Amino acid sequence: MNSASQAAYQALRDYLNSLLSPTHPDQALAEVPAALRPGLEVFMRGKTEYQDEAGRRMIYAYDLAAWASDLIHGAGLTTPLPLGTLNVAELQAATLRQAA
1 MNSASQAAYQ ALRDYLNSLL SPTHPDQALA EVPAALRPGL EVFMRGKTEY
51 QDEAGRRMIY AYDLAAWASD LIHGAGLTTP LPLGTLNVAE LQAATLRQAA
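Here full-length UniProt numbering is used: the first residue of the sequence shown is 1, the next is one more, and so on.
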(Lines of atoms letter the chains of each structure in order from A and count residues from 1; the text may use other names and numbers.)
(Lines give C-alpha, C1' and ligand atoms only; values in the text may rest on other atoms or scores of the structure.)
Protein backbone atom coordinates (compact mmCIF):
# COMPACT_ATOMS: atom_id res chain seq x y z
CA MET A 1 0.00 0.00 0.00
CA ASN A 2 1.47 3.34 -1.00
CA SER A 3 1.51 6.35 1.32
CA ALA A 4 -1.52 8.02 -0.31
CA SER A 5 -3.56 4.83 0.05
CA GLN A 6 -2.38 4.43 3.64
CA ALA A 7 -3.44 8.01 4.43
CA ALA A 8 -6.86 7.43 2.83
CA TYR A 9 -7.33 4.16 4.72
CA GLN A 10 -6.39 5.77 8.03
CA ALA A 11 -8.68 8.76 7.41
CA LEU A 12 -11.55 6.39 6.60
CA ARG A 13 -10.95 4.34 9.75
CA ASP A 14 -10.71 7.47 11.90
CA TYR A 15 -13.97 8.79 10.47
CA LEU A 16 -15.82 5.49 10.96
CA ASN A 17 -14.44 5.13 14.50
CA SER A 18 -15.60 8.67 15.31
CA LEU A 19 -19.15 7.61 14.42
CA LEU A 20 -18.95 4.88 17.07
CA SER A 21 -18.47 7.43 19.85
CA PRO A 22 -21.33 7.39 22.36
CA THR A 23 -21.37 11.18 22.26
CA HIS A 24 -21.72 11.38 18.49
CA PRO A 25 -24.75 13.53 17.54
CA ASP A 26 -27.32 12.96 14.83
CA GLN A 27 -25.91 14.11 11.50
CA ALA A 28 -27.14 15.52 8.22
CA LEU A 29 -26.71 13.14 5.30
CA ALA A 30 -25.04 16.00 3.40
CA GLU A 31 -22.27 16.06 6.05
CA VAL A 32 -21.28 12.45 5.35
CA PRO A 33 -18.26 12.37 3.01
CA ALA A 34 -19.50 12.19 -0.58
CA ALA A 35 -17.85 8.86 -1.43
CA LEU A 36 -19.67 7.16 1.47
CA ARG A 37 -23.15 8.65 1.00
CA PRO A 38 -24.46 6.11 -1.53
CA GLY A 39 -23.61 3.23 0.81
CA LEU A 40 -25.22 4.99 3.76
CA GLU A 41 -28.36 5.63 1.72
CA VAL A 42 -28.58 1.91 0.92
CA PHE A 43 -28.06 1.07 4.60
CA MET A 44 -30.79 3.54 5.62
CA ARG A 45 -33.52 1.99 3.47
CA GLY A 46 -36.41 1.18 5.76
CA LYS A 47 -34.89 3.06 8.70
CA THR A 48 -36.22 6.26 10.24
CA GLU A 49 -34.79 9.60 9.17
CA TYR A 50 -36.00 13.10 9.92
CA GLN A 51 -35.50 16.61 8.62
CA ASP A 52 -33.95 19.42 10.61
CA GLU A 53 -35.21 23.00 10.62
CA ALA A 54 -33.36 23.69 7.37
CA GLY A 55 -34.98 20.71 5.63
CA ARG A 56 -31.80 18.61 5.56
CA ARG A 57 -32.12 14.82 5.80
CA MET A 58 -30.87 13.83 9.24
CA ILE A 59 -29.56 10.42 10.30
CA TYR A 60 -29.87 9.30 13.91
CA ALA A 61 -26.54 8.79 15.66
CA TYR A 62 -27.33 5.16 16.51
CA ASP A 63 -27.93 4.39 12.81
CA LEU A 64 -24.63 6.04 11.91
CA ALA A 65 -22.89 3.95 14.57
CA ALA A 66 -24.54 0.75 13.28
CA TRP A 67 -23.51 1.61 9.73
CA ALA A 68 -19.91 2.36 10.78
CA SER A 69 -19.74 -0.86 12.78
CA ASP A 70 -21.04 -2.79 9.80
CA LEU A 71 -18.36 -1.29 7.58
CA ILE A 72 -15.59 -1.95 10.08
CA HIS A 73 -16.59 -5.35 11.45
CA GLY A 74 -19.35 -6.70 9.25
CA ALA A 75 -20.28 -6.69 5.61
CA GLY A 76 -18.01 -3.88 4.50
CA LEU A 77 -18.77 -1.48 1.68
CA THR A 78 -21.58 -2.48 -0.67
CA THR A 79 -19.35 -1.73 -3.65
CA PRO A 80 -15.57 -1.55 -3.77
CA LEU A 81 -14.30 1.91 -2.92
CA PRO A 82 -10.80 2.49 -4.26
CA LEU A 83 -8.77 4.33 -1.64
CA GLY A 84 -7.48 6.66 -4.34
CA THR A 85 -11.00 8.04 -4.82
CA LEU A 86 -11.37 9.11 -1.20
CA ASN A 87 -10.94 12.76 -0.34
CA VAL A 88 -8.66 12.54 2.70
CA ALA A 89 -9.19 16.19 3.65
CA GLU A 90 -12.97 15.72 3.57
CA LEU A 91 -12.74 12.64 5.79
CA GLN A 92 -10.44 14.41 8.21
CA ALA A 93 -12.74 17.44 8.38
CA ALA A 94 -15.75 15.19 9.01
CA THR A 95 -13.83 13.41 11.78
CA LEU A 96 -12.96 16.73 13.42
CA ARG A 97 -16.64 17.78 13.27
CA GLN A 98 -17.52 14.59 15.15
CA ALA A 99 -14.98 15.40 17.86
CA ALA A 100 -16.24 18.96 18.34
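C-beta atoms are modelled at their ideal positions from N, C-alpha and C, and glycine is treated no differently.
As the structure is a computational prediction, the values presented were derived from the model and not from experiment.
| Check | Outcome |
| --- | --- |
| Neighbourhood of A11 by C-beta, 8 Å cutoff - its chain only, sequence neighbours within 5 removed | L86, V88, L91, Q92 and T95 |
| Proximity below 8 Å, CB of H24 to CB of A54 | no |
| Residue nearest to R97 in terms of C-alpha spacing, selected from D14, Q6, S5 and A7 | D14 |
| Buried or exposed (CB count within 10 angstroms, at least 16 for buried), A30 | exposed |
| Member of N17, T48, A35 and A65 whose CA lies at the smallest distance from the CA of M58 | T48 |
| Residues bridged to R57 (per DSSP) | Q51 |
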